[in-house]
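Residue numbers (our numbering), protein chains in the order written: chain A, 44 to 377; chain P, 44 to 377. Take a look at the structure below.
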């Protein structure tokens, strides 16, 4: 499809010399894939390009070595004024560039192009191409390259495919469309290395991650009356697996929306003493973001995946979550 | 692509009145999807068609109700002479029609069309279309319908897609090709209900299945020197979960080829007192069928997935498997 923004974005790229690309915090395959495919494209055009991440980047996301990504810890000290153009990909708002939610003021003369698929994007760019009908931002990048009639070499095809595989849950999530599969077929023909990407994303877990999944399954309970599953892991238990528990494939995603007869699943983890992190996953489309919001400030998310974090002694916090979940679940039933 | 067998198969269908379709034992989505998509096609042509399974069929595989599949327990008493044509799909050899490995003699006058993607197919048909380059037999059915310039209504598209999703591991296995994605895109446009299929295959586990997975992970060990993971479950432990342990998504498939730093994984389960069932999954392409074959009569399979079953007291049997695995692993290293 042809985006009406294509021409304007092309104009800004053509007129720029120094271009900045970024990853969002906790970079995932779509964040890295979108920025890196654009990086190779812009380099080919002869531009000066930098890709910056204000958070650590897992090596599973880096196919070409050495990686062109610069990791810079403190976004507040970063000099945006060096660039003519900033292309922000897969990032809903500037506050999500860094894990520390630093507010950012861009220089007035900096042109900004925002390319994203999150419906909640704040559209902070000079030009905003936000298409929430796409399963991945990388899919939008592909369409732009086609709009501009550009060739897509193997490394770019691989990064675009990696973004699509990441955000579509390996093609399993509902947002994966007929057009997605068409694009994936074309990328595969262009030499995108699907098997390598799949291997890195699904066959590359530390042994500790599986042992942590075992703990989750051991603690998992089912509330058949209110139709949800849940687990709760306290700080002492969590500590043993802390190195693995933030793995890219979390146990919550693997297990909590998969049980017959339930509407949703809740993962509760005391990741910091006295603070409970709550992850919610819907199985049947019941809106779990309502439960997350009811848990207090900072709770929210999407219909299918939401979360919250709050301060309260562990046992009490777990009781509170179950109480809210049961109330919301009954409200839905009545 | 155009199969050279297309025209001959079409001729046999045209000249037949009564046609038989079958599922293989332990029917999976590709077996059901291939047979049922053909069923709706042949009905539309005005043929008398029967679909028979000599094993129970999981309701997750049945999208249209009532199901046209007849379940018949004893294949040895089945009268094949009632039919003019038998189209066998996704079945390597007649012995695999029933879980009891009954030898079958077909009537001489029965015409047989074999359509399959297993490289080890015995080609027992009058016409044999065996394309091992396809991730699923359902993909071959799609190509045939295109060769014959047939319309594919929604229910047929859904069954074909279900077969492809099943045998490609939800598009994750290496055999999934650019052509596969192209076909999937076309099937989605034809109304195939991808999300419903995914939901049934991946979000529909009994709670007991997850608890069984928990047991597997709790027992799972890693042999870092010889680079494999393994678990062993004795009959007393297995008994508690027997209802769930033969679920379509087995724990072996989910976990045993996923650990960083290993070449393969071994699942050992004493499913019957004194008998050890061994499942092997390769992570890096090391040929696990060699280990399966070394375990004795009946052991075998493919490079990435193999199995064996033998009679021996539990502790001794587990020791034997580990010994063979270590030997084969060292042989590979040296």
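Where a beta carbon is used, it is the ideal one built from N, C-alpha and C, also for glycine. It should be emphasised that the depicted structure is a prediction, and the values quoted were computed from it without experimental measurement.
Legend entry - Sub-9 Å separation of residue 369 of chain A and residue 269 of chain A beta-carbons: yes
Legend entry - Through-space distance from residue 167 of chain P to residue 150 of chain P, alpha-carbon basis: 13 Å
Inset, instruction - Less than 8 Å between the CB atoms is what I'm expecting for residue 179 of chain P and residue 212 of chain P, so what's the real figure, rounded? - result: Going by Cβ atoms, the distance from residue 179 of chain P to residue 212 of chain P rounds to 10 Å, so no, they are not a contact pair.
Inset, instruction - Check the Cβ of residue 221 of chain P against every Cβ in chain A and list those closer than 7 Å, keeping chain order. - result: 228, 231 and 232
Legend entry - Min CB distance residue 331 of chain A to chain P below 9 Å: no
Inset, instruction - Say whether chain A places a C-beta atom closer than 9 Å to the C-beta of residue 241 of chain P. - result: yes
Inset, instruction - Sort P:330, P:297 and P:258 by Cα distance to residue 280 of chain P and report the nearest one. - result: P:258
Inset, instruction - Under 8 Å between beta-carbons, which chain P residues line up against residue 301 of chain A? List them in chain order, please. - result: 245, 246, 247, 248 and 253
Inset, instruction - Just the chain A side, please: which residues come within less than 8 Å of residue 213 of chain P by C-beta, in chain order? - result: 213, 214 and 215
Legend entry - Beta-bridge pairing of residue 324 of chain A - partner residues as DSSP gives them: A:308 and A:348
Legend entry - Through-space distance from residue 108 of chain A to residue 71 of chain A, alpha-carbon basis: 18 Å
Inset, instruction - Work out the CA separation of residue 224 of chain P and residue 45 of chain P for me, nearest whole Å. - result: 18 Å
Inset, instruction - Below 7 Å CB to CB, which residues in the same chain sit around residue 234 of chain A once its five sequence neighbours on both sides are set aside? - result: 197 and 200
Legend entry - Same chain only: Cβ atoms within 6 Å of residue 83 of chain P, ignoring 5 sequence neighbours per side: 198 and 199
Inset, instruction - Report yes if the C-beta distance between residue 215 of chain A and residue 126 of chain A is below 9 Å; otherwise report no. - result: no
Inset, instruction - Show which residues of chain A have a CB atom less than 7 Å away from the CB atom of residue 256 of chain P. - result: 260
Inset, instruction - Could you tell me which of P:192, P:328 and P:249 sits nearest to residue 238 of chain A, measuring between CA atoms? - result: P:328
Inset, instruction - Below 8 Å on the Cβ atoms is my guess for residue 97 of chain P versus residue 140 of chain P; work out the distance and round it to an integer in Å. - result: 5 Å
Legend entry - residue 288 of chain P: first and last residue of the uninterrupted alpha helix (DSSP H) it sits in: 278-288
Legend entry - Any C-beta of chain A under 9 Å from that of residue 298 of chain P: yes
Legend entry - Cutoff 9 Å: residue 238 of chain A Cβ touching any chain P Cβ: yes
Inset, instruction - Using beta-carbon positions only, say whether residue 277 of chain A and residue 313 of chain A come within less than 9 Å of one another. - result: yes
Legend entry - residue 54 of chain A burial status per 10 Å Cβ neighbour count (16 or more: buried): exposed
Inset, instruction - Taking only beta-carbon positions, decide if residue 265 of chain P is within less than 9 Å of chain A. - result: yes
Inset, instruction - With 9 Å as the threshold, decide whether the Cβ of residue 206 of chain A is near any Cβ in chain P. - result: no
Legend entry - For residue 147 of chain P, the first and last residue of its enclosing beta strand (DSSP E): Per DSSP, residue 147 of chain P belongs to no beta strand (DSSP E) and is neither H nor E.
Inset, instruction - Mind checking who residue 248 of chain P pairs with in its DSSP beta bridge? - result: A:302
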